[in-house]
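Structure first, commentary second.
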Amino acid sequence: MILDEYRENRQVFEKMEEIVRTQLEKCVADNNIYVNAIEARIKAEKSLAGKLELKGHKYKTLSDITDILGTRVITFYSEEVDKISALIDKIFEIDWDNSVDKRKALDLDRFGYMSLHFICRIPKSLYYDAEHPEINDFRFEIQMRTALQHVWATMYHDTGYKSGIEVPKEHLRNMNRLAGMLELADEQFSRIRKEINDYRRNVQSLVADGNFDEVPLDSDTFRSYLTMKPFKKLIDKIATINQAEVYEDNLMRYVTTLLKMNFRTLGDLQRLIKDCSDDAYKLALHQLSSTDLDILALSVALQNLCLVYIIKKGGGEVGLRMFYDAVFGQSAYNEERAHRTFEQISKINIK
Amino acid sequence: MEVKIEKIEDKTMVVLNGRLDTTNADKFQQDIAPLMQGDTPNIEIDCTDMEYTSSQGLRLFLMLQKSVTARKGNLVMRNMKPNVKEVFDITGFSNIIRII
């Protein structure tokens, strides 16, 4: 009896679940694919009993049932389903005769359930236990779909209908319209991702070519700009004051502040460095020369550039306070910071 | 430098008292070694009675911050004296460690 076989082999399927889940997690991690979820479940006995009651005539043994172990990989983008399926083909043995691409099962003018279903076995090269050879015999299912496809499938399943034939026409039409809308949304997400990646490549190219005035300042362009180490010359000079080592901290937190200071392009940052480096160094010299502090963060360079820029533009102590609020968040201490910095800058002869 | 470490619910409270310089940096490193372990640490350092820190102290705080970040935790230093805050400001360490 199939149910007896199920009970006898429950632990085998638990081992299979562990193996398959581990392999799927490793696969996405090794290939830097960020997925929404990896799920796995062993069919409950009650569910199996229900299946056998409905379709028992189709199955002679437990081996005939391919979804005792069911796993699911939910991606963010539709192209990742294809990528993951290609990787799974290299890990497991695919039973192609019984695997289905339900994305292609629909006619061109129809919308509905979309998912890629692979029926697989665990190859001996991946895992073998002579005491349990059935681990390599039992088949299992891997479903691959996008998050939006998963939402639709889950809600459709929630209606309680097992196939489109059962669903009243009006509800079926609405469900399928929704499937069409989500398919369009999937396409749009993929298109937006491609456009963002194209933008980033274009930005890298503009930055590499030195066309800084043509490059607007944003997170992507600033990140690219930092690869050129634009503040190195200044921080190296500041470091000579006390023969300091430099710790390269993350400067990305300054993007928002720089935009608030009305820097609009990377060309503006280049001019900031050109026009304010000498005075930024003088400020650091005034602050550090009477100390023996021999470790500095890279951000000192950008910080001091901004501070002298604010004073040169007539921002005064208020401007310095606003700068510190932007960088560190509003705090009563920023007033004290601004006052101290203003006094220090007043003592150096900035041009 | 006297170091007191106390776990209160999900937070680790650290109280520092005294000067941190080259002469006692090694001892300080040993004292804070327990803070370098454990998952998702939530550490708050009370600097009310921290009189001074040298570069060596800054390096140790940096080591602690990197360890906390790697374990997806939080580190905050609070109630610093003005002279100590100034050290963190002029070295850029205020950009690295959250000070409140």
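Each protein sequence line maps, in turn, to chains B and U.
So the first sequence is numbered by the working numbering: it starts at 1 and just counts up by one.
So the second sequence is numbered by the working numbering: it starts at 1 and just counts up by one.
Even for Gly, the Cβ is constructed at its ideal location relative to N, Cα and C.
Note that this is a predicted model, so its numbers are computed, not measured.
| Query | Result |
| --- | --- |
| Cα-Cα separation, residue 349/B to residue 296/B | 23 Å |
| Within chain U, partners of residue 287/B - CB distance below 7 Å | 90 |
| Residue burial classification, residue 41/U (beta-carbon count within 10 angstroms, cutoff 16) | buried |
| Residue from 347/B, 322/B, 329/B with nearest C-alpha to residue 338/B | 322/B |
| Nearest-angstrom Cα separation, counted from residue 238/B out to residue 289/B | 10 Å |
| Nearest to residue 143/B (by Cα), restricted to the options 172/B, 41/B, 133/B, 286/B | 41/B |
| Backbone CA spacing between residue 7/U and residue 93/U [nearest angstrom] | 26 Å |
| Backbone CA spacing between residue 179/B and residue 73/U [nearest angstrom] | 41 Å |
| Range covered by the alpha helix (DSSP H) that runs through residue 271/B | 266-288 |
| N- and C-terminal bounds of the beta strand (DSSP E) containing residue 143/B | 140-146 |
| Run of the beta strand (DSSP E) containing residue 246/B, from where it starts to where it stops | 245-247 |
| Residue 76/B and residue 120/B closer than 8 Å at C-beta | no |
| Distance CB(residue 99/U)-CB(residue 77/U) smaller than 8 Å | yes |
| Where residue 45/U meets chain B, residues with beta-carbon distance less than 7 Å | Here the premise fails: no neighbours, minimum Cβ distance about 16 Å. |
| Opposing strand residues paired with residue 157/B [DSSP bridges] | Residue 157/B is not bridged to any residue. |
| Given 8 Å, three or more beta-carbon pairs between the region 226-241 of chain B and the region 273-288 of chain B | yes |
| Where the alpha helix (DSSP H) containing residue 29/B begins and where it ends | 10-30 |
| C-alpha distance - residue 248/B paired with residue 306/B, whole-angstrom precision | 18 Å |
| Three CB pairs or more closer than 8 Å across the region 120-138 of chain B and the region 152-160 of chain B | no |
| Beta-carbon proximity check, residue 300/B vs residue 91/U, cutoff 8 Å | yes |
| Contiguous alpha helix (DSSP H) assignments of at least 4 residues, all confined to the region 196-240 of chain B | 219-226, 232-239 |
| Where the beta strand (DSSP E) through residue 13/U begins and ends | 11-20 |
| Span of the alpha helix (DSSP H), counted from its first residue to its last, around residue 88/U | 82-90 |
| Cut-off 7 Å between Cβ atoms - residues of its own chain near residue 154/U, not counting five sequence neighbours on either side | Here chain U has residues from 1 to 100 only, and residue 154/U is not among them. |
| Interface flag, residue 308/B vs chain U, CB-CB below 8 Å | no |
| Within 7 Å of chain B by C-beta, residues of the region 10-25 of chain U in sequence order | none |
| Touching by the beta-carbon criterion (3+ pairs, under 8 Å), the region 44-64 of chain B and the region 168-178 of chain B | no |
| Residue 70/B versus residue 81/B - alpha carbon distance | 17 Å |
| Given residue 56/B as reference, the closest of 181/B, 1/B, 33/B, 286/B once Cα atoms are compared | 1/B |
| Contact set for residue 139/B: own chain, Cβ-Cβ below 8 Å, skip 5 residues either direction | 63, 66, 95, 98, 119, 120, 121 |
| Helix, strand or coil at residue 35/B [DSSP, three-state] | coil |
| Residue 86/B classed as buried or exposed, judged by whether at least 16 other C-beta atoms fall within 10 angstroms | exposed |
| Boundaries (first-last residue) of the alpha helix (DSSP H) holding residue 316/B | 316-328 |
| Cα-Cα separation, residue 191/B to residue 302/B | 36 Å |
| Nearest to residue 74/B (by Cα), restricted to the options 101/B, 68/B, 115/B, 182/B | 115/B |
| Under the three-state DSSP convention, the category residue 52/U falls into | strand |
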